[in-house]
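According to the working numbering, the first sequence holds residues 20 to 368 in order.
Glycine included, every Cβ here is placed at the ideal spot set by N, Cα and C.
Quick caveat, the model's predicted, so the values are computed rather than measured.
Working notes, structure below.
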Amino acid sequence: MTSARENIPRRAQHRLAHRAEPDILLGGERLRIIDPLMVRGAQNIGIAEKNAHLWALPTLSVPAGEFDLVRTLESGQCFRWWRWARDAYWGIVGSSVLVIRQSRNDLRVSVCGGAPPADIATFINRYFDLSRDYRAILRHLRRDEVFARLAPRRAGLHILRQDPFEVIISFIISANNHIPRIRSIIERICRVYGAPIDTPFGRAYSFPSPESLAEARLSDLRVKCGLGYRDVYVKRTARAIADHLALAEWATWPTPVLRRRLLQLDGVGEKVADCILLFGFHRLEAFPIDTWIRRAMKELYFADRSPSLGQIRALAIERFGPYAGVAQQYLFATYRTTDERNGKRSPSE
DNA sequence: ATCCAGGTCCGAA
DNA sequence: TTCGGACATGGA
20 MTSARENIPR
30 RAQHRLAHRA
40 EPDILLGGER
50 LRIIDPLMVR
60 GAQNIGIAEK
70 NAHLWALPTL
80 SVPAGEFDLV
90 RTLESGQCFR
100 WWRWARDAYW
110 GIVGSSVLVI
120 RQSRNDLRVS
130 VCGGAPPADI
140 ATFINRYFDL
150 SRDYRAILRH
160 LRRDEVFARL
170 APRRAGLHIL
180 RQDPFEVIIS
190 FIISANNHIP
200 RIRSIIERIC
210 RVYGAPIDTP
220 FGRAYSFPSP
230 ESLAEARLSD
240 LRVKCGLGYR
250 DVYVKRTARA
260 IADHLALAEW
270 ATWPTPVLRR
280 RLLQLDGVGE
290 KVADCILLFG
300 FHRLEAFPID
310 TWIRRAMKEL
320 YFADRSPSLG
330 QIRALAIERF
340 GPYAGVAQQY
350 LFATYRTTDE
360 RNGKRSPSE
């Protein structure tokens, strides 16, 4: 049996041993997975060493326009990116491990592990949706005065094009969970069911395939991965997709049809379906209504009276139309960061 | 230690 | 259709 620590650099192991932040992992190892490569918080240990590796990687430059890397990666639509030192992020996309930094209007991209995409520039362009005119979208949204009052002038927050299956499973896990824990659970299922990807910084894991999750033991999902009662949702949905569902074909369906189909998946309700539409199928009109958005819309448009889901959705379509999902991301970002500044009011009030 | 989280499901009115 | 309660777990 291989120890989970084997793949972690020695100095990180030392740091790990002194963290005293327990989590459950394989084979009795205890490790809290916040950052699989342990590069976050690198101010203590090994930063010079890591940076030396980092700087040695070949780097590709991609024009970024008004795109804002940090705003986009911190917007809650993805779960597998981590901040690296100050200005860089590393993340796992498909079977590649990427490091990305932004300086003004260009992105510097390094592949530090896994199978690099055939054409990295095209890949990055697509993943970050760099060709779309988000300035124009924001201008369109700002025609609503209420939205214009709180939205930033600068665009920059893009909707990523992520893998549909990864998004489906990730947002099933998101239900009745908070973001740090969602990330932690996702890392554990990747570690148990994903494919290893070696990098100069340690070993990362890809997101598991539908087949491997379909064959998971429920008790492993529940206990090792910490899924709780969502174990059956994940397993059944993975099983359905592995057996007879062609997500590539779903991508060609009209949004209302696709939405109805998503709602039939185990663990997928209205909110999660809309997240999948927006983040997994790039349907920019989808408007996921979570506790934050509900509160934002209530304050902004309903004078603090409690509107029904239907009322909120109708208003979102009316005000934001085909770009409701982009508006949703700005509302989410604004309200969540406001809340952090104000020190955690309960979102339900 | 205690609360509660990017909700969903299920059964009852 | 709408409403309310249960629900596993662990992060803060």
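Please determine, among Val81, Met316, Arg145, Asp106, the residue with the shortest C-alpha to C-alpha distance to histidine 301.
As a first step, residue 301 must be located in the first sequence, where it is residue number 282. Residue Arg145 is the option with its Cα nearest to histidine 301.
According to DSSP, residues forming a beta bridge with serine 228
Taking the first sequence and counting its residues from 1, one reaches residue 228 at position 209. Partner(s): none; serine 228 has no beta bridge.
My understanding is that arginine 90 touches alanine 352, with C-beta atoms under 8 angstroms, so please give their C-beta distance in whole angstroms.
Position 71 of the first sequence, counted from the first residue, corresponds to residue 90. Position 333 of the first sequence, counted from the first residue, corresponds to residue 352. Confirmed, about 7 angstroms.
Note down, one range per segment and in chain order, each alpha helix (DSSP H) of at least 4 residues found wholly within the segment 114 to 201.
139 to 146, 153 to 160, 164 to 169, 183 to 193
Segment limits, alpha helix (DSSP H) that includes aspartate 262
In the first sequence, counting from the first residue as 1, residue 262 sits at position 243. 250 to 263 is the span of the alpha helix (DSSP H), which, as asked, contains aspartate 262.
Contacting residues, own chain, Cβ-Cβ under 6 angstroms from arginine 338 (five flanking each side not counted)
One-based indexing of the first sequence puts residue 338 at position 319. Hits under 6 angstroms: Asp163.
In this structure, does DSSP put glycine 47 in helix, strand or coil?
On the first sequence, position 28 is the one that residue 47 refers to. With a pLDDT of 36 at glycine 47, under the threshold of 50, the modelled position of this residue cannot be trusted, and the question is left open.
Test item: CB-CB of phenylalanine 190 and isoleucine 295 under 8 angstroms:
Position 171 of the first sequence, counted from the start, is the residue given in the question as residue 190. Position 276 of the first sequence, counted from the start, is the residue given in the question as residue 295. Going by C-beta atoms, phenylalanine 190 is nearer than 8 angstroms to isoleucine 295.
Using the C-alpha atoms, what's the distance from arginine 249 back to isoleucine 192?
Residue 192 sits at position 173 when you count from the first residue of the first sequence. Residue 249 sits at position 230 when you count from the first residue of the first sequence. Going from the Cα of isoleucine 192 to the Cα of arginine 249 covers about 7 angstroms.
Rounded straight-line distance, which links the Cα of arginine 355 to that of phenylalanine 166
By 1-based counting over the first sequence, the position of residue 166 is 147. By 1-based counting over the first sequence, the position of residue 355 is 336. Rounded to whole angstroms, phenylalanine 166 to arginine 355 spans 16 angstroms at the Cα level.
Taking the straight line between their C-alpha atoms, what separation do you get for glycine 110 and phenylalanine 220?
What you label residue 110 is simply residue 91 of the first sequence in a count that begins at 1. What you label residue 220 is simply residue 201 of the first sequence in a count that begins at 1. About 13 angstroms.
To the nearest angstrom, how far is the alpha carbon of glycine 340 from that of glutamate 304?
Position 321 of the first sequence, counted from the first residue, corresponds to residue 340. Position 285 of the first sequence, counted from the first residue, corresponds to residue 304. So the two alpha carbons sit approximately 6 angstroms from each other.
In terms of alpha-carbon separation, which member of His72, Leu237, Pro199 lies closest to valine 251?
The residue you call residue 251 lines up with position 232 of the first sequence. Nearest in C-alpha terms to valine 251, of all of His72, Leu237, Pro199, is Leu237.
Start-to-end residues for the alpha helix (DSSP H) that takes in leucine 328
The sequence position of residue 328 within the first sequence is 309, counting from 1. Residues 328 to 339.
Any idea if glutamate 185 is buried or exposed, counting beta-carbon neighbours within 10 angstroms, 16 or more meaning buried?
Start at 1 with the first residue of the first sequence, and residue 185 comes out as number 166. That one is buried.
Exposed or buried, which one is glutamate 48 when buried takes at least 16 other CB atoms within 10 Å?
For the purposes of this step, residue 48 is taken as residue 29 along the first sequence, with counting starting at 1. Here the model assigns glutamate 48 a pLDDT of 37, short of 50, so the residue's position is not dependable, and the following value carries that caveat. Classification of glutamate 48: exposed, given that the 10 Å Cβ count is below 16.
So the beta strand (DSSP E) valine 3 belongs to, where does it begin and stop?
Since the first residue shown for the chain is 20 and the last is 368, residue 3 is missing from the structure and cannot be characterised.
So for aspartate 217, helix, strand or coil by DSSP?
Mapped onto the first sequence, residue 217 falls at position 198. Assignment of aspartate 217 by DSSP, reduced to helix, strand and coil, places it in the strand class.
Look at threonine 256 and glycine 213 and say whether their C-beta atoms are less than 8 angstroms apart.
In the first sequence, the residue the question calls residue 256 occupies position 237. In the first sequence, the residue the question calls residue 213 occupies position 194. It is not a contact, given that the beta carbons lie outside the stated cut-off.
Whole angstroms is fine: what's the gap from tyrosine 108's alpha carbon to glutamate 230's?
Here residue 108 refers to the residue found at position 89 of the first sequence. Here residue 230 refers to the residue found at position 211 of the first sequence. C-alpha separation (whole angstroms): 29 angstroms.
Spell out the partners DSSP gives arginine 236 in its beta bridges.
The count along the first sequence starts at 1 and reaches residue 236 at position 217. According to DSSP, which records beta bridges pairwise, arginine 236 is partnered with nothing at all.
On the criterion of 16 or more Cβ atoms from any shown chain inside 10 Å, does tryptophan 74 qualify as buried, or is it exposed?
In the first sequence, the residue the question calls residue 74 occupies position 55. Under this definition tryptophan 74 is an exposed residue.
Taking only the alpha-carbon atoms, compute the straight-line gap between glycine 271 and glycine 299 and give it to the nearest angstrom.
Taking the first sequence and counting its residues from 1, one reaches residue 271 at position 252. Taking the first sequence and counting its residues from 1, one reaches residue 299 at position 280. Per the sequence shown, the amino acid found at residue 271 is threonine instead of glycine. Whole-angstrom Cα-Cα distance: 13 angstroms.
Leaving out five residues before and five after histidine 37 in sequence, what residues of the same chain have Cβ atoms less than 7 angstroms from its Cβ?
By one-based count along the first sequence, residue 37 stands at place 18. Per-residue confidence for histidine 37 stands at a pLDDT of 30, beneath the threshold of 50, marking its modelled position as unreliable; no derived number is given.
Check whether the segment 276 to 284 touches the segment 307 to 314, taking contact to mean three or more Cβ pairs, one atom from each stretch, closer than 8 angstroms.
no
Cβ neighbours of alanine 235 in the same chain (closer than 7 angstroms, five flanking residues each side left out)
Working through the first sequence from its first residue, we reach residue 235 at position 216. Excluding residues within five positions, the ones whose Cβ falls inside 7 angstroms are Tyr212, Lys254.
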